[in-house]
Structures are given as structure tokens and as C-alpha cells.
Amino acid sequence: MDESSADAVEGTDVTQTGFPLAPDDEHLQHVGKTKQGNGYWIDFQLAVEDGKVRDFVTAYVFDKEGHLISCEVINCGLRGDADCRTATDVVPKLLAKIDATVTSEIWVKPFSRVFYGHSFGLVVREDDEGDDPQGETLIDALPGHTLMFYGPWDTCNYDS
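When we follow UniProt numbering, the leftmost residue of the sequence shown carries the number 1, and every step to the right adds one.
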């Protein structure tokens, strides 16, 4: 955990303090630092359009406090189409483009950006969805709801 995470204590507002993303062998394989010292996260997302699944690869770059400073979303195409690109085609190019150098834990804050008509990002779940009867804050990776992050916010906790 770096010094920016020291302010994240139980009971604080995660939208202000942020939370860590820690690389693992499952869903957070591409998390770390760029040559410039910023955090990065490359994520795989999907969206259903007219009953078909469209795949995306996203590259997010964060400043040292966890604010999003740049993002790129690559539309890989519809699953099953002959011209649909795979993550193995896209990820190495994105890692090179953002000057990714080190795999490590980074600090992020919720954000949302629109690409291709879909909201992408780490978005605080609205209370009216009723998924959490205890009223705890949950953060979804959008647009595909592929990961759900939850507290305590001083560690990287998620479900897929």
C-alpha cells in the first residue's frame, strides 16, 4: 500500500478516498505503474447490443492520488464475427502505448466516461437497486458489471 492509501480508513467515503487495485492472476492481471509513475489498469469489458455481445479492452491511467487522467477504449467487435479482435491482439499494444513498466498495486477513485454509447469505469452502485440490504457502498466495473468492488476499502476486495 502506498502513502495515498493511508487516508483510507473504515467508515470514510470511498468516492473521496479511493481504494486499491492489486494485481492478481484472475481479473486484475494488468495493473501497475507507468514509466511516468502513474497507475494503470487494463480491463476487459462487454456490452449486449441487440442480443449480441460486443467486447472491449480498456486502458485507464490514474494520477498518484487515484484520479483518472486518461482512458482509451478499444472496440474489439461482436463475438463470433470474423473480424472480432482478441485481447491478446490488443493488450500488448496498449501496454506499450501507456508506457507500462511495473506490475503493482495502485490507488483508484470511482469514475465514468462514455464510449460507443456505453458508460465505462468504476461506478458507485445506486442505492435503489436493492442488492445490498446493509446499505454498504458497492462499485461496479462497467459497462458489463464484470467486477463488483466492496469494502473494507483499504484492501482490494471484489467479486466477479
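Where is the CB? At the ideal position from N, CA and C, for every residue including glycine.
Predicted model only: the values in this text are computed from it and were never measured.
Residue range of the alpha helix (DSSP H) that includes residue i
{"i": "L95", "result": "A87 to K97"}
As assigned by DSSP and simplified to three states, the class of residue i
{"i": "Q29", "result": "coil"}
{"i": "T17", "result": "helix"}
{"i": "residue 166", "result": "Outside the modelled stretch of the chain, which goes from 1 to 160, sits residue 166, for which no answer is possible."}
{"i": "C84", "result": "coil"}
{"i": "K109", "result": "coil"}
{"i": "G121", "result": "strand"}
{"i": "T34", "result": "strand"}
{"i": "Y158", "result": "strand"}
Span of the beta strand (DSSP E), counted from its first residue to its last, around residue i
{"i": "T101", "result": "A100 to T103"}
{"i": "Q45", "result": "G39 to E49"}
{"i": "L68", "result": "L68 to L78"}
{"i": "K52", "result": "K52 to F62"}
{"i": "D140", "result": "L138 to L142"}
7 Å CB neighbourhood of residue i in its chain, flanking five on each side removed
{"i": "V91", "result": "H30, I42 and V57"}
{"i": "S119", "result": "S112, L142 and P143"}
{"i": "A87", "result": "F44 and V57"}
{"i": "L68", "result": "Y60, F62 and F111"}
{"i": "W153", "result": "A8, V14, T17 and F19"}
{"i": "S160", "result": "H27, T146 and L147"}
{"i": "F115", "result": "V73"}
{"i": "V123", "result": "P110, S112, I139, D140 and L142"}
{"i": "R85", "result": "C76 and G77"}
6 Å Cβ shell around residue i - same chain, five flanking residues per side excluded
{"i": "G66", "result": "G18, W107, V108 and K109"}
{"i": "I74", "result": "V57 and V90"}
{"i": "S125", "result": "Residue 125 is actually Arg in this sequence, not Ser. Correct list, in chain order: L138 and D140."}
{"i": "T103", "result": "P23 and G32"}
{"i": "K35", "result": "D99 and T101"}
{"i": "K52", "result": "L78"}
{"i": "S70", "result": "V61"}
{"i": "L46", "result": "V53, D55 and G144"}
Assumed close pair residue i, residue j - CB separation to whole angstroms, cut-off 8 Å
{"i": "A59", "j": "E72", "result": "5 Å"}
{"i": "R79", "j": "D55", "result": "6 Å"}
{"i": "E105", "j": "L21", "result": "7 Å"}
Cβ shell of residue i (< 8 Å), same chain only, five flanking positions each side left out
{"i": "N157", "result": "F149, Y150 and G151"}
{"i": "K97", "result": "A59 and E72"}
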